[in-house]
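Residue 224 in the working numbering sits at position 222 of the sequence shown; the count goes up by one each step and never skips. Taking it in order: structure first as structure tokens, then the write-up.
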Amino acid sequence: MKRAFMILTAFSTVTAFTAAALAADTVVEPLYTKSAQRVSGLVFDAYVSHYQGRGFEEIDDVDATELRIDLTVPISARGQLRLSLPFHTDGDGRRIENGKSTAIDGNGGTFDFASATYEHQFMDVAEDKFNLMAYAGLGFRADKLDTSHGDYMNHRGSLARAGVRMDRAVSSSMSLSSDIGYQHYWDTDDLDPSGENRVSFGHLLVSVAVMKHDLALKPALELTYRGDLVDYNNFQIIPELIYSFKSVDLKIGVPVGLSSDADDYGVTLGFTYRM
């Protein structure tokens, strides 16, 4: 009940900004696969994610709610900067060493770190029939997460990421987007979900999305993968609905795990405001 109330409160807060929305000409994005097109102005995103059954290095079967905000800023004719801040996690799980339950709470994230990512668009759909963007960035854990058994989770760590995105129209009303990236973590604590208890590890991040654009309520479908191709493989499918009104998008997705390492299920709410 507490987590459900947190989801509703956070989503109600961000949607209150819709009254101030102004028209803007920008691509509507699905929840996970970002567009390969540079933004034309400031873009604010807020996310509320609830998941069930996630595993980490020392705590398994984690049911939690995580909140995150992003700000994307155009800085050149082809470049933009994406700033991301996970600012709260609240949940509970099972300690792997003894099977006892524990609560998790703090002003940070789990896999999401505070980060800055530079994104550069190399190809444009107007000239090349598709958009192509490359990105690279650095991050660090925003804050430690407290546990009820007297330990900390994620109280240190850094990450580096790099990848490419592509999107294009596949018909007059449908688009295809993809993102292939690599994220390396180092000097971490209690985070590696592979069971190898590593302080340094990397994850391949892949997502593909199909979205129909010619409706106010836009259906989308995403497939995502996070893992190292050996010890940890997290596949998910996410059906979504996106409602667009002028410069505001309201999004809901229901991630469903397709592999043993994936979350059992969850729900993600998203809010986008183009300034």
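From the three backbone atoms N, C-alpha and C, an ideal C-beta is built for every residue, glycine too. This one's a predicted model, so the numbers in the text were calculated from it and none came from an experiment.
List the endpoints of the continuous beta strand (DSSP E) containing residue i.
i, result
"V30", "From DSSP, V30 is part of no beta strand (DSSP E); its letter is neither H nor E."
"A162", "160 to 171"
"T270", "267 to 276"
"K36", "Taken as a continuous stretch (DSSP letters only), K36 belongs to no beta strand (DSSP E), as it is neither H nor E."
Rounded to whole angstroms, how far is the Cβ of residue i from the Cβ of residue j, which I believe are closer than 8 Å?
i, j, result
"Y34", "L83", "Their Cβ separation, rounded to whole angstroms, is 20 Å, which puts Y34 and L83 out of contact at 8 Å."
"I244", "L271", "The pair is not a contact, with the Cβ atoms about 11 Å apart (cut-off 8 Å)."
"D148", "G111", "Not confirmed; about 14 Å, so no contact."
"Y184", "L217", "That belief does not hold up - the Cβ atoms of Y184 and L217 are roughly 35 Å apart, past 8 Å."
Please report the distance separating the alpha-carbon of residue i from that of residue j.
i, j, result
"S209", "R80", "23 Å"
"G259", "D230", "17 Å"
"L87", "F46", "12 Å"
"E99", "E60", "7 Å"
"S160", "S174", "42 Å"
"S261", "Y234", "10 Å"
"D290", "F142", "In the structure as shown, the chain begins at 3 and stops at 277. Residue 290 is therefore absent and cannot be evaluated."
"Y154", "N133", "42 Å"
"D65", "D263", "14 Å"
"L223", "D181", "14 Å"
"F203", "A38", "27 Å"
With a 10 Å radius around its C-beta and 16 neighbouring C-beta atoms as the bar for buried, classify residue i as buried or exposed.
i, result
"I77", "exposed"
"S51", "buried"
"N199", "exposed"
"H189", "The residue you asked about is not His; residue 189 is Asp in the sequence shown. By the neighbour-count rule (16 or more Cβ atoms within 10 Å), D189 is not buried but exposed."
"F124", "exposed"
"D265", "buried"
"P32", "buried"
"A128", "exposed"
"H186", "exposed"
"S150", "exposed"
Residues in its own chain within less than 6 Å of residue i by CB, not counting five upstream and five downstream?
i, result
"S179", "T35, D169, A211"
CB-CB under 8 Å to residue i, same chain, minus the five flanking residues each way: which ones, in chain order?
i, result
"D2", "Here the chain has residues from 3 to 277 only, and residue 2 is not among them."
"V172", "L178, V212"
So the alpha helix (DSSP H) residue i belongs to, where does it begin and stop?
i, result
"V127", "127 to 130"
Ignore the nearest five residues each way along the sequence and tell me which others in residue i's own chain have a CB closer than 7 Å to its CB.
i, result
"K214", "S175, M176, K220, P221"
"H157", "K146, D191"
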